Every structure is written in C-alpha cells, then in structure tokens.
Amino acid sequence: MFAQLITPIGGALLPSFLVAALPVALVLVLLGVLRRPAWQAALAGLALCLIIATTLWAMPAHLALAAIANGAAFALWPVMWIVLNALLLYNISVRAGFFDAFRSWVVTHLPNDRRVVLVVIGFCFGALLEGVAGFGTPVDITSSLLMLVGFPALEALVFVLIFNTAPVAFGALGVPVTVLGAVTGLPATALGAMVGRELPVVAFALPFYVMALYGGFRSLRALWPLLLAAGGSFAAMQFVASNLLDYALTDVLSSLGSLIFTLLFLQVWKPAPDAAFAVRDELLHGAPAKSTRHPWSGWLPWVIVSVVVIAWTNLKLAALGAHAIPWPGLNKAISITLYNAKPYPAVFLFQPLTTGTAILLAALLTGLLGGLSLSSMLAALGQTLRQIFLPTVTVVSIVALAFLMNYAGLAYTLGAGVAATGGVFVILSPFLGWIAVMLSGSDTSGNALFGNLQVVAAKQLSLSPVLFAATNSAGGVMGKIISPQNISTGCSVTGMNGHEGKVFARVFIHSVVLTLALAGLVAAIQFLIPWVIPHLG
Numbered sequence: 182m183f184a185q186l187i188t189p190i191g192g193a194l195l196p197s198f199l200v201a202a203l204p205v206a207l208v209l210v211l212l213g214v215l216r217r218p219a220w221q222a223a224l225a226g227l228a229l230c231l232i233i234a235t236t237l238w239a240m241p242a243h244l245a246l247a248a249i250a251n252g253a254a255f256a257l258w259p260v261m262w263i264v265l266n267a268l269l270l271y272n273i274s275v276r277a278g279f280f281d282a283f284r285s286w287v288v289t290h291l292p293n294d295r296r297v298v299l300v301v302i303g304f305c306f307g308a309l310l311e312g313v314a315g316f317g318t319p320v321d322i323t324s325s326l327l328m329l330v331g332f333p334a335l336e337a338l339v340f341v342l343i344f345n346t347a348p349v350a351f352g353a354l355g356v357p358v359t360v361l362g363a364v365t366g367l368p369a370t371a372l373g374a375m376v377g378r379e380l381p382v383v384a385f386a387l388p389f390y391v392m393a394l395y396g397g398f399r400s401l402r403a404l405w406p407l408l409l410a411a412g413g414s415f416a417a418m419q420f421v422a423s424n425l426l427d428y429a430l431t432d433v434l435s436s437l438g439s440l441i442f443t444l445l446f447l448q449v450w451k452p453a454p455d456a457a458f459a460v461r462d463e464l465l466h467g468a469p470a471k472s473t474r475h476p477w478s479g480w481l482p483w484v485i486v487s488v489v490v491i492a493w494t495n496l497k498l499a500a501l502g503a504h505a506i507p508w509p510g511l512n513k514a515i516s517i518t519l520y521n522a523k524p525y526p527a528v529f530l531f532q533p534l535t536t537g538t539a540i541l542l543a544a545l546l547t548g549l550l551g552g553l554s555l556s557s558m559l560a561a562l563g564q565t566l567r568q569i570f571l572p573t574v575t576v577v578s579i580v581a582l583a584f585l586m587n588y589a590g591l592a593y594t595l596g597a598g599v600a601a602t603g604g605v606f607v608i609l610s611p612f613l614g615w616i617a618v619m620l621s622g623s624d625t626s627g628n629a630l631f632g633n634l635q636v637v638a639a640k641q642l643s644l645s646p647v648l649f650a651a652t653n654s655a656g657g658v659m660g661k662i663i664s665p666q667n668i669s670t671g672c673s674v675t676g677m678n679g680h681e682g683k684v685f686a687r688v689f690i691h692s693v694v695l696t697l698a699l700a701g702l703v704a705a706i707q708f709l710i711p712w713v714i715p716h717l718g
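Position 504, counted from 1, in the sequence shown is what my numbering calls 685; the numbers after and before it change by one each time, with no gaps.
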C-alpha cells in the first residue's frame, strides 16, 4: 500500500505546499493570464501534476495512471453524458422551430416592460436552463432573448451573468454536488442540503440587486412586489428541494416553481406603465415572425424535459442496472497519511439509466413532436458532438487532475498548508471556489479541483468539513460571473466578439461583493448558528 507523503520537499510544509500548488497555478496562469483555451490549460496542469506526483511525491506510475483513468471515467459518465443530451435537446428545439416560437411568446405574453422580461427570462427561465443543461447555455439563450426586446448586448450579458449564480451549484441536475461528493468522500445529500442553506439567501436578493443596477431606486420601488415574488419563491423552493426532496432536482423545481409563481403573480399584479422601459414598437410587433408555431408551443421542450426528469428521479430508474465497480489497481491501494493511514477507496458507480439518459429521451420526444425527420435529428446530434468536443476534453482533464492530486496526496499537502492560515481560512474558503470557477468556467470543475482541499483544511482547523466543502461550491458560483469562458461564449452569441474585457470590467466588482457577502454568511454559520449545518451522524 502506497502511503501518501505530506511534506516530501525538504520535510517542510511551506516548500511542499508551493510545489503541490504548481499544477493548479499552471492552470490558473494559462487561463487567467495567458488566456489559453481551457482544454489546453487543463491538459498542461494534468501533465505537470503527473510528473510531480510520480517523482517528488513518489507515487507509483501505475497508481497515478489508474487515478487519472478513474477521474476521466467519472467525468465522462455521468457528467458529460448529461451535458451532451442537454445540448442535443436545445439543438433539436431550435431545428423544430420551438425556440423561435418561445421568443414570440416572450414578446406577446409578458407586460410591455423590459424590467419584467429581465426578471422572468433572465432570472426564472435562465435558472431552468442552468438546472437542466448548465455550462454556458443559460447565458447564451437568455442574453439573445433579452436583446430581442431592446436590451443592448452589453447590458444583456452583464445582467444574465449576475443572475446565473443562484442556480449554478445545482446546475445540470446537481452534477457539481455529485462531483463534490465524489472527490471529498462526504455524502452528496448532506453537501446538497448545506449548499441549499447558503444560496437561498443569495437567490432571494439577486432580483433586487440586478434591478437596482438596471433601473435604480425608482424601479425597485415600482417592481418590489414582483422581485419579492420571483426571488422569494425561488429561494423557498431551492431550500425545500435540496433539503427535503432530491438535490439533483433542485434547480428544475426551484426554477419551475419561481417561473410558474411569477407568471401567475403577473396575472393579478402588473407594474405601472413606464415609457422609459417599454419595448419599442418595431420590436414588439416585428419579432414573432420566424416560426409558424403557436407561441405557447415554445414551452414544450422545457416542459417535456422537466416532466421526464422529475418522473425519472421519483421512479428511481437510475438505480436500475447500476454497478459499483472497484477501480482495478487503485481501490484501497493507497493510505491517507493525514487521516491516520485510512485506506483510500476508489469505486466507480456506473448507471446506464442516469439522468442524462432521461434528457436524451426528452430530446427524442421533442424532435418527434416537432415533426423532425431522422436525418434532421442526426444532423442535430452531429452539431452537438462538434460543439461539445473541446468542453469534454476540458472537463475530463480537470476532473482527472483533481483525482490525481487527491490520490497522490498533493491535495492533502495543500489542505495542511491552507489550514496553517488559521482563522483567515474562513474568509479564504469561498474565494478558493471563486478562483477555480472564474478560470475553469464550471462549478463542477471547481469542486473537483478544490473540494477536497477545503475538507482537509477544515478538519485541520476543527471546522465543519460539510460547511466548507459546500462553501467551495457556493463561492464558485460567484466566480462564474467573471469566467472568461462564460463571457466569451456570451460575446460570440451577442455579437460582442473582441469586447470580453469590457464585460469583465462591468461584472468584476459585483462578483467580489457577492463573494464577500457569502464569506460573512459562512462565518456566521460556523461561529454563531452552527445548528444550520447538516449532521452527518
């Protein structure tokens, strides 16, 4: 059994910490400073980590390769299987005309007020897209919809990026929480519950925060009932779903609940007309032209996927045919020195009927109901595979890097080093997730990279590992606001190529402010109201 080394560099923690941080630092520098593509940065970090692990940390090569393979397998199934089918659903919806019909519905069925459209589409509907697909899809779709009703491209992107925080930790059917549980060894249900006790505070405040940015105090005073309805219903459902139901369905249920409640609320309450925020006549009457479908049919794909996924989960179909596979050559072949030589398990759970398969079924049903031919659906599949290739390389590489750092012991060295900062760690914790997601563009990748580090450091400081693992995810969602990947894909859709720096400058301060607010909330939970933290038993 290979015993992990904690201080292999001169027997001292500081130099060992600095060397262990090199793979992560390389990824961050390539992404944040040199602006290299994420897949290149992730592969480079993985290669450097492999060299360091097998030389300075003395990890046998066969164990290192087994750890990489284990991480890659987990990234492909279930993570990228979910993302692949979610993107396929979107492409089929576009080809079938449902997306144009949905744009027509927005213009003809919401009040003639851009502020209302901003809340309903940017916040409520964007959260639904994040819950099902994630990985930049909400920013691309909702920003283009906001531009349709007269938002300048820069404003549309800024507001959508800020809104795309509350749902991110549970995006793509809870994949970030699933990954966090896998890399930390903590129960995913407890982690989901803890995240669901932090983020509702943010979710409740977001509509007020964004509306203050867009319309100032005058709009807050005019629309506060709508903001209360949207933020309050989302926050309440986010807590209930993550703590009492199934964290994988948190975004779907909270976004659907908020969307339905907000639309019903608009049937009994409407803001006073304000010419400064009215949709221009040429947009109001000229937009619903491309699709011959009824505007209400635009909701069909999103209703289908929500119903299928909820039924799939409630019937526990994912458990059918599931196999727990001890990873060959790696399972319990390593002892965790920092945890009294505890054997490190490595078990891959293969579920052929995972929720990604449910989304595939929804995509096929959407295509059939939309009258698409087999050749059209195959063309949509080909388009999806081309779009997803490089994101797949990125996610596979970054998850493999995280698994290698964990099994080699580099993550435990980093955890011991961060723990040495003492009480400052409470403030640093959300910023670790913030940095990871800012540069990787994915809360899933951020959890894979730093999730276990948070747990190791928290245990060293006698803090709650559940709270700080969850805080990595919650802090990460604030970093997604300024993720270069998120910003660049949004710019490509809205015609702002080359202006990514302008968007970054507009949203950076908001990302920092929200992360600092989260740090204060975490400190309050740990030291003032620790009963909020889920009990592991």
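Glycine included, every Cβ here is placed at the ideal spot set by N, Cα and C.
Since this is a predicted model, take the numbers as computed values, not measurements.
| Check | Outcome |
| --- | --- |
| So, at 7 angstroms on beta carbons, what are the nonlocal neighbours of Lys-513 in its own chain, with the 5 sequence-adjacent residues on each side left out? | Pro-524, Tyr-525 and Pro-526 |
| Between the alpha carbons of Thr-494 and Ala-371, how many angstroms are there, rounded? | 18 angstroms |
| Terminal residues of the continuous beta strand (DSSP E) containing Phe-398? | It is not in any beta strand (DSSP E) - Phe-398 instead sits in the alpha helix (DSSP H) that spans 369-425. |
| Where Met-182 and Leu-246 are concerned, what is the direct C-alpha to C-alpha distance, given to the nearest angstrom? | 16 angstroms |
| Look at the Cβ atom of Val-580, then the Cβ atom of Gly-307, and state whether they are nearer than 9 angstroms. | no |
| Less than 6 angstroms between C-beta atoms, sequence neighbours within five positions excluded: which residues of the same chain meet that for Ile-226? | Before going further, note that residue 226 is Gly rather than Ile in the sequence given. Cβ within range, chain order: Pro-204, Leu-207, Val-208 and Leu-582. |
| Closest to Phe-458 by CA distance: which of Ala-503, Leu-542, Gln-532 and Arg-296 is it? | Arg-296 |
| Could you say which of Leu-329, Gln-564 and Ala-417 lies nearest to Arg-276 if we only look at CA atoms? | Gln-564 |
| Using 8 angstroms as the cut-off, can you tell me whether the stretch 638-650 makes contact with the stretch 279-295, which would need three or more C-beta pairs spanning the two stretches below that distance? | no |
| How about Leu-591 and Ile-232: do their beta carbons lie closer than 9 angstroms? | no |
| Among Leu-546, Val-301, Ile-569 and Trp-712, whose alpha-carbon lies nearest the alpha-carbon of Ile-273? | Leu-546 |
| If I measure Cβ to Cβ from Ala-256 and keep anything under 6 angstroms in the same chain, skipping five residues before and after, which residues do I get? | Val-576, Val-577 and Val-580 |
| With C-beta atoms as the reference, is Phe-304 less than 9 angstroms away from Thr-431? | no |
| Starting from Phe-283, trace the beta strand (DSSP E) in both directions and tell me its first and last residue. | Counting along the chain, Phe-283 falls outside any beta strand (DSSP E), though it belongs to the alpha helix (DSSP H) covering 279-290. |
| Straight-line CA distance for Ile-744 to Gly-627? | Residue 744 is absent from the model: the chain starts at 182 and stops at 718. |
| So Leu-387 and Ala-347 are supposed to be a Cβ contact under 8 angstroms. How far apart are they, rounded? | 6 angstroms |
| Run through DSSP, which three-state label would Phe-332 get? | coil |
| Looking at Leu-595: is its Cβ nearer than 9 angstroms to the Cβ of Leu-634? | yes |
| Identify which residue in Ile-608, Ala-560, Leu-530 and His-716 has its Cα closest to the Cα of Trp-258. | Leu-530 |
| Find the nearest neighbour of Thr-536 within the set Leu-699, Leu-496, Gly-676 and Leu-195, judged by alpha-carbon distance. | Leu-496 |
| Note the first and the last residue of the continuous beta strand (DSSP E) segment covering Ile-517. | 515-517 |
| Across the stretch 608-618 and the stretch 651-664, are there enough close Cβ pairs to call them in contact, namely three or more that are closer than 8 angstroms? | yes |
| Kindly identify the DSSP beta-bridge partner or partners of Pro-241. | DSSP, once it has assigned bridges, lists no residue as partnering Pro-241. |
| Threshold first: 4 residues or longer. Then list the alpha helix (DSSP H) segments lying entirely within the stretch 611-691, N to C. | 624-641, 646-660 and 665-675 |
| Report all residues from its chain with a CB closer than 8 angstroms to the CB of Val-489; omit the five preceding and five following residues, and keep chain order. | Ala-539, Ile-540, Leu-542, Ala-543 and Leu-546 |
| So if DSSP puts Leu-530 in a beta bridge, which residue, or which two residues, is it bridged to? | Ala-505 |
| How many Å lie between Phe-389 and Val-383 at the Cα? | 10 angstroms |
| Taking the alpha helix (DSSP H) that Trp-262 falls in, what are its first and last residues? | 262-276 |
| In terms of alpha-carbon separation, which member of Ala-417, Val-684 and Leu-553 lies closest to Val-320? | Val-684 |
| Would you tell me roughly how many angstroms separate the C-alpha atoms of Pro-509 and Val-636, rounded to the nearest one? | 26 angstroms |
| Val-364 and Ala-629: beta carbons closer than 9 angstroms? | yes |
| Using 8 angstroms as the cut-off, classify the Cβ of Gly-191 as near or not near the heavy atoms of the ligand MG, replying yes or no. | This structure lacks the ligand MG; in fact it carries no ligand of any kind. |
| Using CA coordinates, which residue listed in Gly-604, Ser-478 and Ala-202 is at the minimum distance from Leu-550? | Ser-478 |
| Skipping 5 residues on each side, what residues in its chain have a beta carbon closer than 8 angstroms to that of Val-341? | Gly-303, Gly-307, Pro-319, Val-320, Thr-323, Ser-324, Leu-327 and Gly-671 |
| Taking all protein chains shown into account, decide if Gly-603 is buried (16 or more other Cβ within 10 angstroms of its Cβ) or exposed. | exposed |
| Does the beta-carbon distance from Leu-361 to Leu-354 come in below 9 angstroms? | no |
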